[in-house]
Amino acid sequence: MASKAGDAAILSNLNPAQQEAVTFWGRPLLILAGAGSGKTKTLTTRAAWLISEKGIPPQSILLLTFTNKAAGEMKDRIAKLMDPKDAYPPFAGTFHSFCAKVLRRDGKFIGLSSNFAIYDTSDQQDIVKTIIANLGLDKSLKAPVALSMISQCKNELVSALEYAEFTRGEFQKKIAKVYLEYQRLLKESSALDFDDLLTETVKLFKTEKDVLNKYRNLFQHILVDEWQDTNKAQYQIIKLLTGRDHNLTVVGDAAQSIYKWRGADYRNINYLQVDFPDLKTINLEQNYRSTQTILDAAHGVIKKNRSHPILQLWTNNKKGEKIKLYQARSELDEASFVTEEIVKLTSKNKQSKEYSDIAVLYRTNAQSRVIEEAFLHRGIPYTLVGGVKFYERKEIKDILAYLRLVANPKDSVSNKRAEKLGKTRFANFCQLAEKIMSDEGRVLMDKKELTTLDLLDKVVQTTKYLEFFDQKNEDDLARLENIKELRSVATEFPNLFEFLEQVALVEAAQSPKNSESSNNGKVTLMTAHSAKGLEFEVVFIVGLEEGLLPHSRSLMNQEELEEERRLVYVGITRAKCLLYLSYAQKRLIFGQRGSSMPSRFLGEIPNHLFESSALVGIKKNNYELYDIDF
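Read in order, the letters of the sequence shown are residues 1 to 630 in the UniProt record's numbering.
Quick look at the structure:
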């Protein structure tokens, strides 16, 4: 046991709510930790306190989180707080790494070999593609779609046999056939996928009580980070491990649950209160990151959600500058505004920012293109997080290869790429290219009666390129949005040769040789999803328009709309000092310029928090038509 002085030292840098969370004992504990409230510090200090004050051996503490990086950071923090004589830190790792260890040790009780292979996404794709081809389903079902459905089933603990038994529709029956064969081949190969690591651990703990009791006795206390991101399988693992002793601490915030498409279920926070009636809840609402103005803006948005707890964040930081709202004429004007503001912010003076202090957030990766080009034009160095630069994305490079061959049939690099996309596809394309490059076709191009957009559409249609994608797959939808964005670029350059010249100039500017940054680092470009867990001095959120943020797929579903609102909340709370919000009155969509409505989320932010009165008309828009729960 540590001395009172030692205990006081551990708690010395914590606020009262954090201290209560660290030292609470005797019942399961839920820590609702708002953005920037020091949750990692609280969780790691609690682990150190359990070791020093409650005398729990470090190896008897299990700390689970969602990324190896987070686990490593927690290990380091705990080690610094621990007494040097406690040589071994607690087990800190991801759910998947923990389950892999359990199954290698005790999976034999449910028929698993200790040397099972773990198949990654690429391995899974190869297997499922083969299965689909063998079943004769390749024209009606794509591997990513099938794998996504299978993963959803596993996250919900629905086995292949159970899914096959209860399916009714034709599409579901096809998935069931693939699911059954997929599991058979995995078993035949003595392999598991990442979802199996969770489901097989649930199976082991449910069927082998001696094994379950061994792990219950081994771990005297369990701590889980990012509870709002857990799925049903992960919830069951924790529920089974916790048992009667209720030796559980979880940290989460439903307002930051933005990964439903990965299986995350923020309702697991509510389920805790049902499964553990004596659950103690402690709120961490003091924010150490943002100004009060930024926190009030975030609260104005998130308080509209009705399905989960809402924390009222406050701070001892300054009230801070008001939020800057920009009404852009177009997406080009919006990108220009962001660019010029960054130039001002980084100009050399006492208040200047480094490039690395700044982030630009958007809803979809396709939105990065116009910002990338504006940055390149002004010489602003940037890094793209969680994505590939626009003209380096596979689907863009594929279509550009076809268009380059139209312009130059001797282009061997483009020829090689186009051939790899399929022999029949390439043969059809060659016939089209021949017509386009005929004398008649060239005359039409010269007269701009056959524009770049026309050519792009003809290439996509003739090659049936869109057959590569499935509307039910999240990744494929993102790729389709990129293709639509390329159509928007094509409208700006009606002449094919001018279009390809512009693309080449952008690609050259993006090359490593020409994109070396100064010591000031780079501006970060990323989706709001990728920004979770990060913070920046200055944040720009662009494209705050109906159909974009919130996304069009969410407008008729209350649950989806609430997730979009949480996404905006996460984006806003990444900002420490300055927050810029913007929307475009008109935006190129599918190659056509259409009018946009400002996002309903702008109207939910109190008007007095904005620097200007640019909100005229926003609050008057009636969005209630869309707030229907189907």
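Built from N, CA and C at the ideal position, the CB exists for glycine as well.
Looking from the CA of residue 313, the closest CA among 186, 300 and 321 belongs to 300.
The three-state reading of DSSP puts residue 258 in coil, since its state is none of H, G, I, E or B. For the pair residue 247 and residue 282, the CB atoms are not nearer than the 8 Å cut-off.
Here the alpha carbons of residue 101 and residue 65 stand approximately 15 Å from one another. As DSSP reads the structure, residue 49 sits in no beta bridge.
Here residue 459 is buried. Its C-beta has 16 or more other C-beta atoms within 10 Å. Relative to the Cα of residue 321, the nearest Cα in the group 167, 24, 292 and 367 belongs to 292. Secondary structure at residue 582: strand, using DSSP grouped into helix, strand and coil. Under DSSP, residue 526 shares a beta bridge with 361. Residue burial annotation: residue 576 is buried, with at least 16 other C-beta atoms found within 10 angstroms of its C-beta.
With 16 or more other Cβ atoms inside 10 Å of its own Cβ, residue 489 counts as buried. Fully enclosed beta strand (DSSP E) runs of no fewer than 3 residues occupy 191-193 and 221-224 of the stretch 167-226, in order along the chain.
About 6 Å separates the beta carbon of residue 211 from that of residue 204, a gap short enough to meet the 8 Å contact definition. Two segments are said to touch when three or more pairs of C-beta atoms, one from each, lie closer than 8 Å; by this definition the stretch 6-20 does not touch the stretch 259-278. Secondary structure at residue 598: strand, using DSSP grouped into helix, strand and coil.
Under the DSSP assignment, residue 93 falls in the beta strand (DSSP E) whose first and last residues are 91-94. Taking residue 117 as reference, the option from 192, 540 and 413 with the minimal CA-CA separation is 192. Shown here, residue 266 sits in coil according to DSSP, grouped into three states, outside any helix or strand. Comparing alpha carbon positions, the residue from 546, 233 and 371 closest to residue 157 is 233.
Apart from sequence neighbours up to five positions away, the residues of its chain that approach residue 331 with a beta-carbon distance below 7 Å are 370, 584, 587 and 588, ordered along the chain.
Only residues of its own chain outside the window of five on either side were considered, and among them 228, 266, 269, 308 and 309 have a CB closer than 7 Å to the CB of residue 254, listed in chain order.
In this structure, 152 is the residue among 146, 306 and 152 with its C-alpha nearest to the C-alpha of residue 261.
Sequence-distant Cβ neighbours of residue 93 in its own chain, meaning closer than 6 Å and more than five residues away, are 71.
DSSP places residue 291 outside both helix and strand once states are collapsed to three, so it counts as coil.
For residue 134, the enclosing alpha helix (DSSP H) begins and ends at 121-134.
Assignment of beta strand (DSSP E) within the stretch 275-356, counting only whole runs of 3 or more residues, yields 280-284 and 324-328 in chain order. When rounded, the separation of the alpha-carbon atoms in residue 98 and residue 238 is 12 Å. Between the alpha carbons of residue 363 and residue 107 lies a gap of roughly 42 Å.
Distance from the CA of residue 149 to the CA of residue 478, rounded to the nearest whole angstrom, comes to 18 Å. Taking C-beta separations shorter than 6 Å and ignoring five residues to either side along the sequence, the partners of residue 230 in its chain run 268, following chain order.
Bridge pairing for residue 63: 92 and 223 [DSSP]. The alpha carbon of residue 46 has as its nearest neighbour, out of 60, 38, 36 and 23, the alpha carbon of 23.
Residue 377 sits in a helix when the DSSP states are folded into three classes.
Separation of residue 359 and residue 289 (C-alpha to C-alpha, rounded to the nearest whole angstrom) is 15 Å. A straight-line Cα-Cα distance of about 8 Å links residue 456 and residue 399. CA-to-CA, the gap between residue 216 and residue 32 works out to about 25 Å.
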